[in-house]
Every structure is written in C-alpha cells, then in structure tokens.
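Down below is the structure, laid out as structure tokens.
Residue numbers (our numbering), protein chains in the order written: chain A, 2 to 235; chain B, 2 to 459.
And the structure:
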C-alpha cells in the first residue's frame with residue numbers, strides 16, 4: 002500500500018501549462034513534493050494558485066506538461082489512458098466541493114457506481130456499499146436521492162463513494178467549500194477519523210487555513226503555480 | 002464495465018429523459034415499420050407467386066419425350082455422342098427413368114379427345130389422367146367436392162367450364178354419373194398386322210417384332226362418378242394438346258388403353274406393335290433436384306423440358322424487387338438514425354458533468370463509449386420490436402384491404418404480405434445495427450471529453 006519507499010505521492014518538477022489563446026497559463030510550474038503514505042496533507046492557496054490542478058494531476062484526471070508524477074512509485078505520466086482509469090478506480094478516491102452525486106440515482110446506487118466500473122461482483126457490491134455508508138453514518142438512507150439530503154449528508158455520501166473501492170489515497174478538492182462551518186467540521190472530523198483508523202493518505206485542497214491547521218497533519222502552500230511551502234504542520 | 006451493468010445504466014439513463022427518448026425510439030419504430038411493411042409485401046407476393054407456381058406442379062417436374070418426337074417440323078435428333086438411333090419412350094424407358102436419383106414418380110401423359118355422355122347428351126372433350134401424388138400438391142386446394150377417393154376409383158373431376166356446359170348449376174353435378182366413350186387400342190395378332198401393311202414383306206415382318214404388329218380401335222364405354230369440380234387442370238399443356246376438362250385417376254386412365262394422338266405416328270413409323278408414350282412426366286422430390294434429374298434423363302437419350310430457368314428468373318426478379326423495397330423502406334430508418342444522433346449529442350451536453358464524474362470514479366474512455374453505445378442499442382432494440390409490431394399491423398392491413406377489394410370483385414382471398422420469423426429477427430437486428438452506427442459519433446465524442454473540463458461544467 003505504501004510503495005517501495007513509503008511515498009504515496011511524489012512529484013518531480015511537475016508542470017502543467019495551458020495555452021489560452023496566445024498566452025501560456027502556468028497552472029502548475031515546476032512543483033516537486035513528496036507525501037508519505039498515511040499523511041493527512043492540506044494543500045493551501047488562494048483561488049487560481051494551481052492547487053486543484055495539482056490534485057487533478059495526482060488523480061490522473063489530467064496529464065503533466067513536464068516532469069513526473071508518481072503514485073506509489075508508478076509514473077502517471079507514462080500510463081496509458083486505460084491505466085490511468087485503473088489508477089482512478091483502484092488507487093485514488095475523489096471528493097469534490099460540489100459533491101457530484103448523480104441526482105437520478107439513489108444513495109446506494111451512487112456509492113455502487115465505482116464498484117460497477119471496477120467490475121466487482123454484484124453480491125459483494127451490496128455488502129461493500131452498506132459498509133461504506135454505515136462508516137459515514139448514512140446506513141439508513143440507502144434509497145434516498147441526493148436531492149432529498151442536506152449538503153453535509155451529500156458530502157458524506159460522496160466520501161462513502163470515494164472509499165467504497167478501498168483506495169489507498171483520498172483526494173479531496175475543497176470538501177467543505179459548500180458547507181456551513183459546523184457541517185464542514187463534521188466532514189473534517191470524518192476525514193481525520195478515516196486517516197487515523199484506516200491509515201489512508203489524504204490530500205485535501207482547501208483555502209481555509211484555520212480548518213486545515215486544525216485537522217491536517219501537514220500543510221503545503223501554492224501560489225501562482227509554484228509550491229511556496231512544503232513544510233510539516235505548523 | 003460488465004454488459005449487464007452497461008445495459009442497466011443505459012436503460013436508467015434513457016428513463017430519465019423519457020419523452021425525448023421515447024420520441025426518438027418511436028422514430029426508429031416508424032422506420033422499422035416502413036421497412037417491414039415494404040419487405041412483407043415483397044415476400045408476400047413472392048410467396049404467393051411461388052405457391053401458385055408450385056401448385057401448378059410444373060416446378061418439380063421434368064417432362065420427357067423421345068427425340069424421335071422432338072418438336073414439330075424439326076428432324077428427329079440422335080442421342081448425344083452415341084450415334085445411336087433415338088430411344089423409344091416405352092415402359093423400359095419409364096422404369097429406367099424411375100431409377101434416376103431423387104425421381105419419386107414417373108407417369109405417362111394420358112390425354113385424349115373423346116365423348117362424354119351426360120343426361121343423354123353427348124359432349125366432345127379432352128380427358129386427362131391425374132397421378133395420385135397431385136392430391137397433396139396443393140393444386141386441388143379449394144376445389145369443390147373432393148379429390149379421387151382412391152388411385153383406382155372410377156371417378157372424375159370436371160373442369161369448371163366443362164361442368165357449366167353440362168349443367169347451369171355445376172355444383173349439383175357432384176355425385177352424378179357420366180359415361181366416357183372412348184376408343185380402346187387393341188393389339189392385332191402379328192400376321193394380321195403384316196397383312197394390314199400394304200407392301201409389307203411377311204417374311205421380314207415375322208423377323209422384326211416392331212414391324213410385325215398393328216392395332217385395332219374398339220369403341221368402349223366407362224361409367225364414372227363426378228366427385229369434384231376444379232378451376233383448371235394443373236400442369237396442363239406440356240407434351241400434349243390442350244387442357245384436360247375431364248380428369249380421371251392415372252391408373253384407370255392407363256388401363257383404358259385409349260388410343261392417343263401418338264398412336265398414329267407409331268403406326269407410320271412401324272412401331273405400332275410396341276406401346277410407346279407420347280411423353281412422360283418425371284416428378285422429383287424438390288425443385289432443386291430438377292437440374293440433376295434432367296441431366297441424367299438427357300444422358301439416357303431423351304429430350305427433356307423443365308421450368309427450372311423460369312424459376313431462376315422469377316427468383317431474380319423478386320430478389321431485385323425485395324432489394325428495392327428494402328432500400329425505400331430503409332430510408333425512414335436512416336432518417337430515424339439522425340434522431341438518435343441528435344438525442345445522444347443532446348444527452349452528452351446535458352450529462353457532461355456526469356461523464357466527468359464517471360471518469361473521476363474510474364470509468365475508462367471505453368466505458369463511457371460503451372455506455373452511449375448501449376443507450377443507442379437499447380433505443381434500437383425497443384424501436385425494432387415496436388417497429389416490427391407496427392409493420393406487421395400494416396402488413397395485415399394491406400392484406401385485409403386487398404381482400405376486401407377482391408371480395409367486391411368476386412375473387413378469392415389472397416395473402417399479399419407476409420412477415421416471416423427471419424424478417425422479424427432481421428428487422429430488429431438491423432434496427433440495432435443502424436442505431437449503433439448512429440451512436441458511433443456521439444459515443445466517440447463522449448469518450449473524448451476531458452474529465453477536468455467536464456467536472457467544471459455547470
């Protein structure tokens with residue numbers, strides 16, 4: 002789970018540049034970092050600093066322009082599209098600010114979706130979905146649709162969906178961005194509980210420094226596409 | 002993703018935009034219905050023509066004649082390559098032909114002009130022998146009365162026009178008796194025959210049995226019971242003159258030994274001592290066997306004739322007809338396929354974010370492509386099933402409408418359209434194939450979506 006040298010994620014001089022008309026946008030520019038397995042890292046930065054882009058590169062949703070991005074020492078830059086899909090399916094789980102649950106599906110079906118994509122046997126799926134939803138205290142809401150739930154419940158369901166396929170790395174993009182303060186804290190507590198009880202690596206993008214300081218074990222900060230702080234928790 | 006999961010997700014996605022997807026599916030159904038209706042007409046007409054032709058008994062038969070009798074006004078041909086004189090079409094020849102593979106029956110054509118007595122009045126007409134195998138050929142389906150009760154029964158079936166000559170109410174003739182007056186051919190003793198031949202050398206005549214005998218003609222009468230009335234004689238007109246208007250079973254017809262038109266020719270050729278047939282009909286097990294049987298019989302030194310080429314041409318005409326109908330029928334399906342493309346492209350725009358989520362959760366480009374493919378396929382499947390049903394209804398309607406018109410014209414019912422099982426399966430498969438082809442572009446477009454951009458889409 003932890004790779005050969007204990008790094009869950011290792012970025013070597015990673016850049017992601019976009020061509021926008023005639024100008025070149027350096028969303029991520031020469032970032033190098035290492036995140037050990039089991040760490041709860043918060044990636045801080047203002048809007049447009051490149052933290053979400055870096056998270057997408059770690060997730061294999063996007064490809065580096067230059068440099069290397071390793072997940073458990075496997076270079077995502079060298080992977081085929083199908084290998085990247087497999088990485089997203091089995092190695093990482095993702096949580097988004099907007100929850101991104103599919104509104105026409107019930108909670109159970111939403112959480113089951115990654116298992117369908119991973120071609121997990123139908124009998125096993127039911128058990129795993131129940132376990133995942135019970136972990137986030139939504140075991141009684143299996144047949145509810147996302148529109149019938151609060152923001153906090155939706156984010157917990159999204160968390161269950163991210164965890165159901167037993168990934169080793171959880172990538173959370175502003176998981177509390179759409180939630181009120183109390184509900185946000187609930188989600189953060191849940192993330193910390195998952196990190197501590199399961200030993201899961203969590204990399205969370207946020208612009209809320211105080212919350213990050215309270216819950217994360219390490220803070221990294223980006224500005225204008227560059228990593229300006231790679232330090233341990235303050 | 003597993004096919005079962007793909008199908009389930011596709012069906013769920015289609016249910017979400019129910020009205021739009023139903024209308025698209027209805028468009029496909031209309032296209033399939035048009036195709037099925039057109040093809041059912043082509044196939045129905047082909048079946049109708051085949052049935053009529055098959056009932057005529059012409060397409061599983063080889064008509065055999067001696068090369069000595071070949072044609073009218075043409076010189077007799079010799080057997081190909083043999084240099085021998087052409088063979089007579091006698092009982093030996095008949096037995097030989099019966100041994101040809103797939104030949105199920107060989108019978109002589111018995112057809113002679115004679116007089117019928119009914120109700121004290123004489124009527125000149127043509128009598129023809131009918132083999133018992135004609136009973137199951139379908140040619141006598143729909144006749145009034147019944148077929149001969151046995152192959153040896155002294156019974157007759159009248160052709161309708163002749164029956165009308167006998168009575169104003171043809172149906173009332175069934176069960177009545179008619180008397181057949183005919184000329185029986187009776188072989189003469191050898192010396193009589195020799196004397197009968199002017200200038201014949203009696204010594205030579207005694208040494209050649211073919212030239213030694215003649216025959217006399219003796220008037221006879223035979224009573225027959227009318228059992229049925231038929232529109233027309235099936236398989237009539239080959240190897241003889243005119244259609245039979247009084248049909249009798251083949252076996253009694255042969256026993257009558259009635260003098261026929263070729264008997265005089267045999268006398269002139271000095272073959273009167275040996276009974277020969279004007280022509281023989283060799284019936285094969287199925288039309289496909291005709292060619293081989295015909296070749297085998299020709300190799301024996303006889304002339305043959307079959308309608309094999311005619312059936313080939315008929316099949317060709319109908320094949321072209323079916324293709325044309327299929328092309329016109331498919332036009333509506335092609336228009337419907339544009340509807341599928343439109344629906345799926347709209348779905349991609351609406352579900353852009355969902356595609357991003359699927360990719361973030363581990364869906365490969367192939368999974369996304371397959372999902373849209375499956376949605377197109379499901380629309381094609383339901384459109385195909387519904388379309389076949391509508392097409393079948395149209396086909397039934399065409400037959401019904403035609404028969405109403407035929408009834409008004411006092412004509413019998415016909416089945417002008419047909420929806421066989423292969424057409425049902427083919428139309429559904431074609432519908433799915435067209436739908437999948439229409440889904441190619443949208444599916445490919447969906448699979449190529451950048452997941453990061455798709456997730457940002459509001």
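Heads up, the beta-carbon is just placed ideally off N, CA and C, and yes, glycines get one too.
Computed from a prediction, not measured in an experiment: that's the story for all the values here.
* Asked: Using the beta-carbon of each residue, which ones in chain B are nearer than 8 Å to residue 117 of chain A?
  -> Taking a Cβ-Cβ threshold of 8 Å, the residues of chain B close to residue 117 of chain A are 2, 3, 6, 10, in chain order.
* Use the C-beta contact count for residue 20 of chain A: other C-beta atoms within 10 angstroms, 16 or more gives buried, fewer gives exposed. => Exposed.
* To do: Excluding the 5 residues preceding and the 5 following residue 316 of chain B in the sequence, name in chain order all residues of the same chain whose CB lies nearer than 7 Å to its CB.
  => Apart from sequence neighbours up to five positions away, no residue of its chain approaches residue 316 of chain B with a beta-carbon distance below 7 Å.
* To do: Determine, using beta carbons only, whether residue 12 of chain A comes closer than 8 Å to chain B.
  => The beta carbon of residue 12 of chain A sits no closer than 8 Å to any beta carbon of chain B.
* Asked: Is DSSP giving residue 91 of chain A helix, strand or coil here?
  -> Helix.
* Taking only beta carbons into account, state which residues of the segment 96-120 of chain A come closer than 8 Å to chain D, listed in chain order. => Looking for chain D here will not work: the only protein chains present are A and B.
* Neighbouring residues, chain A, relative to residue 293 of chain B (Cβ below 7 Å) -> Here the premise fails: no neighbours, minimum Cβ distance about 56 Å.
* To do: Determine the closest residue to residue 34 of chain B out of B/432, B/444, B/455, B/445, with distance taken between C-alpha atoms.
  => Per the Cα distances, B/432.
* Check the Cβ of residue 60 of chain A against every Cβ in chain B and list those closer than 8 Å, keeping chain order. => Residues of chain B passing the Cβ test: 361.
* Asked: In or out: residue 137 of chain A buried (at least 16 other Cβ within 10 Å) or exposed?
  -> Answer is buried; the Cβ neighbour count reaches 16.
* Asked: How would you list, in chain order, the residues of chain B whose beta-carbon sits under 9 Å from the beta-carbon of residue 225 of chain A?
  -> Within chain B, no residue comes near residue 225 of chain A; the closest Cβ sits about 19 Å away, beyond 9 Å.
* Can you give me the Cβ contacts of residue 114 of chain A inside the same chain, cut-off strictly under 8 Å, excluding the 5 residues immediately before and after it? => Short of 8 Å from the beta carbon of residue 114 of chain A, and not among the five residues preceding or following it, lie these beta carbons of its own chain, in chain order: 103, 106, 162.
* Given a limit of 7 Å on CB to CB distance, which residues of the segment 409-421 of chain B reach chain A? -> Listed in chain order, the positions of the segment 409-421 of chain B with a beta carbon within less than 7 Å of a beta carbon of chain A would be empty, since no residue qualifies.
* Asked: What residues from chain A crowd round residue 364 of chain B, counting only those whose CB sits closer than 7 Å?
  -> Listed along the chain, the chain A residues whose CB falls inside 7 Å of the CB of residue 364 of chain B are 86, 118.
* Please check if any C-beta of chain A sits within less than 8 Å of the C-beta of residue 453 of chain B. => Yes - at least one Cβ of chain A is within 8 Å of the one on residue 453 of chain B.
* Asked: Would you say residue 82 of chain A faces chain B, with C-beta separation under 8 Å as the test?
  -> Chain B, which has a Cβ nearer than 8 Å to the Cβ of residue 82 of chain A, makes this yes.
* Cβ-based burial, residue 260 of chain B [other Cβ within 10 Å; buried from 16] -> Residue environment: residue 260 of chain B is assigned as buried (16 or more neighbouring CB atoms within 10 Å of its CB, all protein chains considered).
* Is the shortest distance between the beta-carbon of residue 379 of chain B and the beta-carbons of chain A less than 8 Å? -> No, no contact with chain A.
* **residue 9 of chain A to residue 170 of chain A span [Cα, whole Å]** => Cα to Cα, residue 9 of chain A sits roughly 7 Å from residue 170 of chain A.
* From residue 298 of chain B to residue 134 of chain B, what distance separates their C-alpha atoms? -> Cα-Cα distance, rounded: 21 Å.
* Asked: DSSP puts residue 130 of chain B in a beta bridge; with which residues?
  -> Answer is B/249.
* For the beta strand (DSSP E) that residue 114 of chain B lies in, which residues bound it at each end? -> Taken as a continuous stretch (DSSP letters only), the beta strand (DSSP E) holding residue 114 of chain B covers 112-119.
* Asked: Does residue 64 of chain A get closer than 8 Å to chain B when you measure Cβ to Cβ?
  -> Any Cβ of chain B closer than 8 Å to the Cβ of residue 64 of chain A would place that residue at the interface, and such an atom is absent.
* Asked: Quick one: is residue 57 of chain A near chain B, going by C-beta distance under 8 Å?
  -> Taking Cβ atoms only, chain B reaches closer than 8 Å to residue 57 of chain A, which makes this a yes.
* Interface residues of chain A around residue 368 of chain B at Cβ under 9 Å? -> Within chain A, the C-beta atoms nearer than 9 Å to that of residue 368 of chain B come from 86, 118, in chain order.
* Is it a yes or a no for the segment 13-27 of chain A touching the segment 145-162 of chain A, going by three-plus beta-carbon pairs under 8 Å? -> Using a C-beta cut-off of 8 Å, the segment 13-27 of chain A makes no contact with the segment 145-162 of chain A, since fewer than three inter-stretch Cβ pairs fall below that distance.
* To do: Assign residue 461 of chain B to buried or exposed, taking buried as 16 or more other Cβ atoms, counted over all protein chains shown, within 10 Å of its Cβ.
  => Since the first residue shown for chain B is 2 and the last is 459, residue 461 of chain B is missing from the structure and cannot be characterised.
* Among A/94, A/186, A/196, A/37, the one whose alpha carbon lies nearest that of residue 160 of chain A -> If we check each option's Cα against that of residue 160 of chain A, A/94 comes out closest.
* Asked: According to the neighbour-count rule (16 or more other Cβ atoms, all chains shown, within 10 Å of its Cβ), is residue 393 of chain B buried or exposed?
  -> Burial call: buried.
* residue 374 of chain B versus B/282, B/342, B/155, residue with shortest Cα-Cα distance -> The shortest Cα separation from residue 374 of chain B among B/282, B/342, B/155 belongs to B/342.
* Note down, in chain order, each residue of its chain lying with its Cβ closer than 7 Å to the Cβ of residue 148 of chain B, except the 5 sequence neighbours on either side. => Excluding residues up to 5 positions away in sequence, 136, 141, 229 lie with their Cβ nearer than 7 Å to the Cβ of residue 148 of chain B in the same chain.
* DSSP three-state assignment for residue 238 of chain B, whether helix, strand or coil -> Residue placement at residue 238 of chain B is flagged as unreliable, the pLDDT there being 47, under the threshold of 50; the coordinate-derived value follows with that caveat. Looking at residue 238 of chain B - three-state DSSP - the assignment turns out to be coil, as it is neither helix nor strand.
* Asked: So which of B/47, B/222, B/20 has the shortest CA-CA distance to residue 420 of chain B?
  -> When only C-alpha atoms are compared, the closest one is B/47.
* How many angstroms separate the CA atom of residue 222 of chain B from the CA atom of residue 173 of chain B? -> Each residue's Cα considered, the two are about 23 Å apart.
* To do: Return the residue from the list A/31, A/74, A/165, A/220 that minimises the CA-CA distance to residue 110 of chain A.
  => Residue 110 of chain A has its Cα closest to that of A/165, out of A/31, A/74, A/165, A/220.
* Are the C-beta of residue 90 of chain A and some C-beta of chain B separated by less than 8 Å? -> Interface residue, yes.
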